[in-house]
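Note that the protein sequences, when read in sequence, are chains H and G.
According to the working numbering, the stretch in the first sequence is residues 7 to 228, in order.
According to the working numbering, the stretch in the second sequence is residues 7 to 228, in order.
Cβ atoms here follow ideal geometry from the backbone N, Cα and C, with glycine treated the same way.
Structure first, then comments.
There are 2 protein chains.
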Amino acid sequence: MPTSTVENYLKAILSLSGDEKSTQRVSLGEIAERLSVTPGTVTTMMKHLDAKGWVGYEARRGVRLTAKGRRHASQVIRRHRLIERFLVDVVGLDWAAVHEEAEELEHAVSDRLLDRIDEMLGYPDRDPHGDPIPSADGAITAQALTPLADCPAGAFTVVQVLGDEPAFLEWLEQQRLRPGMSVRVQSRDEFAQTLTITAGDNKTKQAIGMSTASRLLVTPNE
Amino acid sequence: MPTSTVENYLKAILSLSGDEKSTQRVSLGEIAERLSVTPGTVTTMMKHLDAKGWVGYEARRGVRLTAKGRRHASQVIRRHRLIERFLVDVVGLDWAAVHEEAEELEHAVSDRLLDRIDEMLGYPDRDPHGDPIPSADGAITAQALTPLADCPAGAFTVVQVLGDEPAFLEWLEQQRLRPGMSVRVQSRDEFAQTLTITAGDNKTKQAIGMSTASRLLVTPNE
DNA sequence: CGAAACACTTTGATTAGTCAAGAAAATGCG
DNA sequence: CGCATTTTCTTGACTAATCAAAGTGTTTCG
């Protein structure tokens, strides 16, 4: 049984190696940055994870998850996302505040409880931010989405939001850009690097910057 | 912020010092026994808790909780019991299995989430085993209950059950002796040390031993 | 090429929690 | 009362996780 510290390292490595597919090497510096620990701490931990068979580590060349490590990391992410979904749908907490809570709970919930939660929720496939929930065996099946920033004029539905800073999420909520809401691209201005949109049932147009628009992943309506 | 290990020590000390009232001294041996650690470990920890102001420790004379320690221990018990109530009432887990789960979760749930849970449940004052839930300020208000073993013939309602071994709880469930169910004492046999009762809506009489009957706390009906 | 900059590793130390085993009180039995 | 048993305490050692600071290998670029 890995400790919750180890689980956090695995999770960080998975998300830094491009989430799904690739057995991409991850540099220790990135891990240190992500977890706010010193590089030396990461070196020590990577040797340990290597010895335990969670990752493959080559000095000064980074780490990559082993199959075992990847599987376990996916489980942790599954827990995290199901818990977020539960806290929003069942408990009624604010979706912007739920990330931190799940960060703790993901290490404390038993498999029995997790299965029950999954069942109560009707086996959802995305969390409240639209991130896909890995299946029990660790596989992630997610349809391809387009950043709003790359979309032509037309009607779309927000599926996923990148980032979990509460303030940003609150703002999205206010703008009616939560996952599940629809958004219409009125026009694009390549020079100003903005999009003009109407969101949800709003009539009033608003401009959003390309960098923000690239954090909203959508599918075309119909 | 105490660690979860410290919280477990505080909880153990509170429950060993006679739960409410008394500033009774607790011997380190009892604590070691309760937590399945060696006496030496407890000694070390008690010095630490004393230094932090959670308990008063006198060598070879045991410890007693300070006001601060007692308050904090009550909070932890509050968490534990509210979580149990939540897991049974909202999530639908089996009341016999819920203790262990809560044992982990009590250290991971934020105050915000706990308040929300309390609200969802309608501010309950007992957990699924009938143990009183301390209020947010740590006070425990519980009416006096009588062990079934001390009751004359008549009708009663089970309020609280002493013990948390799943097998015992399953058995109670089966016998319809869960908290909230009513039970009728038909007769007592002092020599055999048994009671003859009918439980819940059952018609058939059954005998239970005094020692078991003393683990069922009841109030008279009406 | 070689020196500086950067990224990573090593070393030595710290804190929290724990155990095993031996020492010292306290208790209890004859 | 006095020795044996039990209980409690002390000591030394270990694991997990971490940091600071010094050291080493790589890359880059003037």
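Nearest-angstrom Cα separation, counted from residue j out to residue i
i: proline 130(H); j: isoleucine 139(H); result: 7 Å
i: arginine 187(H); j: valine 61(H); result: Reading the sequence as shown, one finds methionine at residue 187(H) and not arginine. Going by the C-alpha atoms only, they are around 39 Å apart.
i: histidine 78(H); j: leucine 16(H); result: 8 Å
i: leucine 127(G); j: threonine 218(G); result: 30 Å
i: glycine 215(H); j: leucine 34(H); result: 33 Å
i: glutamate 171(G); j: leucine 223(G); result: 17 Å
i: arginine 85(G); j: methionine 7(G); result: 15 Å
i: glutamate 109(G); j: valine 43(G); result: 17 Å
i: histidine 135(H); j: arginine 70(H); result: 27 Å
i: isoleucine 89(G); j: valine 96(H); result: 15 Å
i: leucine 99(G); j: threonine 202(H); result: 49 Å
i: glutamine 199(H); j: alanine 213(H); result: 10 Å
i: glycine 24(H); j: threonine 204(H); result: 32 Å
i: phenylalanine 174(H); j: isoleucine 37(H); result: 24 Å
i: serine 141(H); j: aspartate 137(G); result: 38 Å
i: valine 32(G); j: threonine 9(G); result: 21 Å
i: leucine 120(G); j: arginine 118(H); result: 21 Å
i: isoleucine 146(G); j: glutamine 81(H); result: 40 Å
i: leucine 111(G); j: valine 104(G); result: 11 Å
i: arginine 122(H); j: phenylalanine 197(G); result: 47 Å
i: lysine 53(H); j: arginine 67(H); result: 13 Å
i: lysine 209(G); j: glycine 169(G); result: 27 Å
i: lysine 58(H); j: glutamate 179(G); result: 44 Å
i: isoleucine 83(G); j: methionine 51(G); result: 20 Å
i: glutamine 30(H); j: glutamate 106(G); result: 39 Å
i: threonine 49(G); j: valine 12(G); result: 13 Å
i: tyrosine 63(H); j: tryptophan 177(H); result: 41 Å
i: alanine 148(G); j: alanine 148(H); result: 52 Å
Simplified DSSP state of residue i, which is helix, strand or coil
i: arginine 66(H); result: coil
i: aspartate 156(H); result: helix
i: leucine 20(G); result: helix
i: alanine 205(H); result: strand
i: threonine 163(H); result: strand
Residue closest to residue i, alpha-carbon to alpha-carbon, out of the options
i: glycine 144(H); options: Tyr63(H), Asn227(H), His54(H), Lys74(H); result: Lys74(H)
i: arginine 194(H); options: His54(H), Ile37(H), Leu175(H), Asp156(H); result: Asp156(H)
i: threonine 72(G); options: Ala65(G), Asp56(G), Leu119(G), Glu112(G); result: Asp56(G)
i: alanine 159(G); options: Gln149(G), Val165(G), Asn227(G), Arg118(G); result: Asn227(G)
i: alanine 65(H); options: Thr204(H), Gly46(H), Val94(H); result: Gly46(H)
i: alanine 102(G); options: Leu183(G), Glu112(G), His113(G); result: Leu183(G)
i: alanine 150(H); options: Thr225(H), Leu41(H), Thr163(H); result: Thr225(H)
i: valine 167(H); options: Arg221(H), Thr147(H), Asp121(H); result: Arg221(H)
i: asparagine 14(H); options: Gly169(H), His113(H), Val104(H); result: His113(H)
i: valine 115(H); options: Asp133(H), Arg132(H), Arg87(H); result: Arg87(H)
i: aspartate 124(H); options: Gln180(H), Leu93(H), Leu41(H); result: Leu93(H)
i: valine 189(H); options: Gln181(H), Glu179(H), Thr163(H); result: Thr163(H)
i: glutamine 181(G); options: Ala161(G), Tyr63(G), Ile83(G), Lys211(G); result: Lys211(G)
i: valine 165(H); options: Asp133(H), Arg40(H), Lys209(H), Glu106(H); result: Asp133(H)
i: arginine 40(H); options: Thr50(H), Ile19(H), Thr49(H), Met51(H); result: Ile19(H)
i: aspartate 207(G); options: Ala161(G), Glu176(G), Trp177(G); result: Ala161(G)
i: serine 21(G); options: Arg76(G), Val191(G), Pro185(G), Glu107(G); result: Arg76(G)
i: arginine 91(H); options: Glu176(H), Pro185(H), Pro153(H); result: Pro185(H)
i: proline 153(G); options: Glu176(G), Trp177(G), Val191(G); result: Val191(G)
Terminal residues of the alpha helix (DSSP H) in which residue i lies
i: glutamine 192(G); result: Taken as a continuous stretch (DSSP letters only), glutamine 192(G) belongs to no alpha helix (DSSP H), being part of the beta strand (DSSP E) at 188-195.
i: alanine 198(G); result: That residue, alanine 198(G), is in no alpha helix (DSSP H); it is neither H nor E in DSSP.
i: valine 48(G); result: 45-57
i: proline 226(H); result: Where proline 226(H) is concerned, there is no enclosing alpha helix (DSSP H), although the beta strand (DSSP E) it sits in stretches over 222-226.
i: arginine 40(G); result: 34-41
i: leucine 178(G); result: 172-180
Distance cut-off 8 Å: residue i Cβ against heavy atoms of the ligand PLP
i: serine 33(H); result: Looking for the ligand PLP in the displayed structure turns up nothing, as the structure carries no ligands at all.
Range covered by the beta strand (DSSP E) that runs through residue i
i: isoleucine 123(G); result: Counting along the chain, isoleucine 123(G) falls outside any beta strand (DSSP E), though it belongs to the alpha helix (DSSP H) covering 117-126.
i: isoleucine 1(H); result: Within the shown structure, residues of chain H are numbered from 7 to 228, placing residue 1(H) beyond reach of any answer.
Those runs of the beta strand (DSSP E) which lie wholly inside the stretch 68-113 of chain G and span at least 3 residues: If we require 3 residues or more, the beta strand (DSSP E) runs fully inside the stretch 68-113 of chain G come out as 68-71.
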